[in-house]
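Q:
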Amino acid sequence: MHDLVLRGCRLPDRLEPADVAIAGGRIVSVGGAAGAARETLDAGGRLLTPGLVEAHIHPDKALLGDRVRATAGTLEEAIRLTGEAKRAFTADDIAARARRVLDLAVAAGTTAMRAHVEVDPLVGLAGMEAMLALRREYAPALHVQLCAFAQEGILGAPGTEGLLRRALAMGADLVGGCPYADADGPRHIESVFALAREFGVDADFHADFFDEPDHLHVLEIARQTLAAGWQGRVAVGHLTELGALPPAEQDAIVARLAAARIGVISLPATDLYLMGRRDARNVRRGLAPIRRLLAGGVPVALATNNVRNPFTPVGTADLAHMAFLAAVAAHMGTPELLRELVACVTTHPARILGLRDHGCAPGDRADLVLWECARPEEIVTALPARRLVVKGGRITVEHERRTVERWRASPALSLRFGKARNPDLGP
Ligand SMILES: [Zn+2]
Numbered sequence: 211m212h213d214l215v216l217r218g219c220r221l222p223d224r225l226e227p228a229d230v231a232i233a234g235g236r237i238v239s240v241g242g243a244a245g246a247a248r249e250t251l252d253a254g255g256r257l258l259t260p261g262l263v264e265a266h267i268h269p270d271k272a273l274l275g276d277r278v279r280a281t282a283g284t285l286e287e288a289i290r291l292t293g294e295a296k297r298a299f300t301a302d303d304i305a306a307r308a309r310r311v312l313d314l315a316v317a318a319g320t321t322a323m324r325a326h327v328e329v330d331p332l333v334g335l336a337g338m339e340a341m342l343a344l345r346r347e348y349a350p351a352l353h354v355q356l357c358a359f360a361q362e363g364i365l366g367a368p369g370t371e372g373l374l375r376r377a378l379a380m381g382a383d384l385v386g387g388c389p390y391a392d393a394d395g396p397r398h399i400e401s402v403f404a405l406a407r408e409f410g411v412d413a414d415f416h417a418d419f420f421d422e423p424d425h426l427h428v429l430e431i432a433r434q435t436l437a438a439g440w441q442g443r444v445a446v447g448h449l450t451e452l453g454a455l456p457p458a459e460q461d462a463i464v465a466r467l468a469a470a471r472i473g474v475i476s477l478p479a480t481d482l483y484l485m486g487r488r489d490a491r492n493v494r495r496g497l498a499p500i501r502r503l504l505a506g507g508v509p510v511a512l513a514t515n516n517v518r519n520p521f522t523p524v525g526t527a528d529l530a531h532m533a534f535l536a537a538v539a540a541h542m543g544t545p546e547l548l549r550e551l552v553a554c555v556t557t558h559p560a561r562i563l564g565l566r567d568h569g570c571a572p573g574d575r576a577d578l579v580l581w582e583c584a585r586p587e588e589i590v591t592a593l594p595a596r597r598l599v600v601k602g603g604r605i606t607v608e609h610e611r612r613t614v615e616r617w618r619a620s621p622a623l624s625l626r627f628g629k630a631r632n633p634d635l636g637p
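Residues in the sequence shown are numbered from 211 upward in steps of one, following the working numbering.
Structural data, given as structure tokens:
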């Protein structure tokens, strides 16, 4: 007896619809006769994909639009204004805003997430307290990794290193650095690796987030990754400076990233918003070179980063929007590249987060999304609604849509309440 059978799903790599049987939290068969199940649903030929994986988001400083007013729209201003607002954060305030973001993500089909939690003398461990409780609360719907993150620097913000150590002892899953926040980037990176080794955890850096290749801290990160033997355990977010180098130099760095098995997380909403701010004409896009990284064998995630704060004034925590943005901003419009963008919000981030068995094959974890479309490219091109979200073999979210096109109805019909047509159900 299976726990759940989804009949007639369209899968990304199969032409014909198939039945997907789930038991014990995993996919046990795809296609063929699925047999009896506690719950059976007709997918009606809709597309089934692995769950969305959010590789980089800041729930603790999300939804500040009503209390912080940015005017310059620069990175420096965003850090300053958010730092000022952060002094007034409490664990309850953080939890209330973070919960709204997590709810949006779960409803959109996100089944795993890496959340950066700021740990510094301004906010102390309030963010960790709030997010540790939410990690437990949301576990049935969302796997949450907490990254203890030094947004204000480590060397320039005395006390931060000790707070990061306490955050890791409290249960943070990994440590996050921000070398551009300190005058001595390499020493900052060294401190992060020292903590990663001390606690045996992964490391994730906000790095090289400028228009011109002024820092290229990624070279030092790659060097220290190899020195620590931390291959496959390090990620770099933003990396917009890489795109500013001549192509041959980009290729050389891409090869180093591939050799160190470093994942790259592109944050298109933030990067497009904050880069190129001083350009009066031919404004730069300020994105990591996504296509070049993918071609060089580097896993690339597209992630949300910020939701409605001075770093990014827009956001819904729906990763399909990031793929949509990247399709136009990174020139990725062919069917093959559109499918690659779907991988950038599913399988690539799963690899970067170290999540095993994230897919739609027998044996994979049953973390899945059923979409209101038939082909994977449409996830990017048409931002379809989600029909079902499955986490660990259980349906966590069911969406029902009802659209009443009153303008089509005859005057007589429009007067009869409750008789309007639901276009999803046919005539
Ligand atoms: Zn970030």
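Backbone N, C-alpha and C fix where the C-beta goes; we use that ideal spot for every residue, glycine too.
Could you tell me which whole alpha helix (DSSP H) segments of length 4 or greater appear in the stretch 470-544?
A: As far as the stretch 470-544 is concerned, its whole alpha helix (DSSP H) runs of at least 4 residues are 478-484, 500-505, 529-539.
Q: Excluding the 5 residues preceding and the 5 following A413 in the sequence, name in chain order all residues of the same chain whose CB lies nearer than 6 Å to its CB.
A: Same-chain partners within the cutoff: V385, V402, A406, V444.
Q: By DSSP's criteria, L214 is part of a beta bridge. Which residues make up the other side?
A: Bridge partners of L214: I232, E249.
Q: Take T192 as the anchor and find which of P389, D330, Y390 has the nearest alpha-carbon.
A: The question about residue 192 has no answer here: the residues shown for the chain are numbered 211 through 637.
Q: Can you tell which of R604, E430, A377, D424 has its C-alpha closest to the C-alpha of A247?
A: Checking every option, the nearest Cα to that of A247 belongs to R604.
Q: Within the continuous alpha helix (DSSP H) that includes K296, where are the two ends?
A: It spans 285-296 - the alpha helix (DSSP H) in which K296 sits, taken as one unbroken run.
Q: Please name the residue in D394, P423, D383 whose C-alpha comes closest to that of E408.
A: Nearest of D394, P423, D383 to E408, Cα basis: D383.
Q: Measuring only the C-alpha atoms, how far is A571 from L352?
A: Distance between the alpha carbons of A571 and L352: 20 Å.
Q: For I304, which of helix, strand or coil comes out of DSSP?
A: Here I304 sits in helix by DSSP.
Q: Have a look at M341 and A305 and give me their C-alpha separation to the nearest angstrom.
A: If I take the Cα positions, the gap works out to 7 Å.
Q: Output the distance between the C-alpha atoms of P478 and A243, rounded to the nearest integer angstrom.
A: Going from the Cα of P478 to the Cα of A243 covers about 43 Å.
Q: Can you pull the DSSP bridge partners for C219?
A: Answer by DSSP bridge pairing, in chain order: A228.
Q: Tell me whether P637 sits in a helix, a strand or coil according to DSSP, three-state version.
A: In this predicted model, P637 has a pLDDT of only 42, less than 50, meaning its place in the structure is not dependable; the value taken from the coordinates is given anyway. If DSSP states are grouped into helix, strand and coil, P637 belongs with coil.
Q: So is the beta-carbon of G525 under 7 Å away from any non-hydrogen atom of ligand 1?
A: Answer for G525: no, Cβ out of range of ligand 1.
Q: Can you have a look at D424 and say buried or exposed, based on whether 16 or more other CB atoms are within 10 angstroms of its CB?
A: Classification for D424: exposed.
Q: Exposed or buried, which one is N516 when buried takes at least 16 other CB atoms within 10 Å?
A: Classification of N516: buried, given that the 10 Å Cβ count is 16 or more.
Q: Whole alpha helix (DSSP H) runs in the stretch 391-432 with 4 or more residues, listed along the chain?
A: Complete alpha helix (DSSP H) runs here, min 4: 395-409.
Q: So, under 8 Å CB-CB, L221 and C583 are touching, yes? Tell me the CB distance rounded to an integer number of Å.
A: With a Cβ gap of about 13 Å, L221 and C583 do not count as contacting.
Q: What does a CB cutoff of less than 7 Å around R375 pick up in its chain, not counting 5 residues either side in sequence?
A: Only L405 meet the Cβ criterion.
Q: Report the partner residues of S620 according to the DSSP bridge assignment.
A: Bridge partners of S620: none, in fact.
Q: Closest to L291 by C-alpha separation, out of D392, A465, E362, would be which residue?
A: Taking only the C-alpha atoms, the option nearest L291 is E362.
Q: May I ask which residues mark the beginning and end of the alpha helix (DSSP H) holding R376?
A: Here the alpha helix (DSSP H) through R376 covers 370-380.
Q: Taking the CB atoms as reference points, tell me whether V333 and F299 lie closer together than 8 Å.
A: For V333 and F299, yes; Cβs fall inside 8 Å.
Q: Please classify P227 as buried or exposed, where buried requires at least 16 other C-beta atoms within 10 Å of its C-beta.
A: Label assigned to P227: buried.
Q: Taking R561 as part of the alpha helix (DSSP H), name the residues at either end of that continuous run.
A: Unbroken alpha helix (DSSP H) run through R561: 557-562.
Q: When burial is assigned at 16 or more other CB atoms within 10 Å of the CB, is W209 buried or exposed?
A: Beyond the ends of the chain as shown, which are 211 and 637, falls residue 209; an answer cannot be given.
Q: Given a cut-off of 8 Å, decide if I232 and H212 are closer than it, judged by their beta-carbon atoms.
A: Yes, the Cβ-Cβ distance between H212 and I232 is below 8 Å.
Q: For H448, which beta-bridge partners are listed by DSSP?
A: H448 is bridged to A417.
Q: Quick one: what's got a C-beta closer than 7 Å to A317's C-beta in the same chain, skipping five residues either side?
A: For A317, where only same-chain residues beyond five positions count, the Cβ hits under 7 Å are V607.
Q: Closer than 6 Å between the C-beta and any heavy atom of ligand 1: which residues qualify, listed along the chain?
A: Chain-ordered list of matching residues: H266, H268, H326, H416, G447, N515.
Q: As a quick exercise: from P523, A490, R491, G486, pick the residue whose alpha carbon is nearest that of L497.
A: Cα-wise, what sits closest to L497 is G486.
Q: In chain order, what residues of the same chain have a beta carbon less than 7 Å from the beta carbon of G507, not counting five sequence neighbours either side?
A: These residues qualify, in order along the chain: A468.
Q: Pick out the complete beta strand (DSSP E) segments inside the stretch 558-600, 3 residues or longer, and give them in chain order.
A: The stretch 558-600 contains these whole beta strand (DSSP E) runs: 578-581.
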